[in-house]
Amino acid sequence: MAVAVTPDLARPLHEAREATLALVAPLDAADMARVHDPLMSPLDWDLGHIAAYEDLWLVHRHGGE
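Just so it is clear: in the sequence shown, position 57 is 56 by numbering that gives the first Met the number 0, and no numbers are missing.
Written out as structure tokens, the structure is:
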């Protein structure tokens, strides 16, 4: 069942994106690309996965709304 992305839903999604970007804002490109632990991918990969799933779940399933 598709759920419409209403302003009530869009606001928390926007706030979550802003909070995520604020967490990594102090880091430079080298820190974002560095493997901090062998069990974890670089942080820029994680941001890429977030963007890919946002695109899949919101844009493709809800027509870009």
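Where is the CB? At the ideal position from N, CA and C, for every residue including glycine.
Check: Span of the alpha helix (DSSP H), counted from its first residue to its last, around Leu12; Outcome: 6–23
Check: Of the listed residues Ala32, Leu8, Asp36, nearest to Leu46 (C-alpha basis); Outcome: Ala32
Check: Beta-carbon proximity list for Thr19, same chain, < 7 Å, skipping 5 on both sides; Outcome: Ile49
Check: N- and C-terminal bounds of the alpha helix (DSSP H) containing Met39; Outcome: Run containing Met39: none; DSSP gives neither H nor E here.
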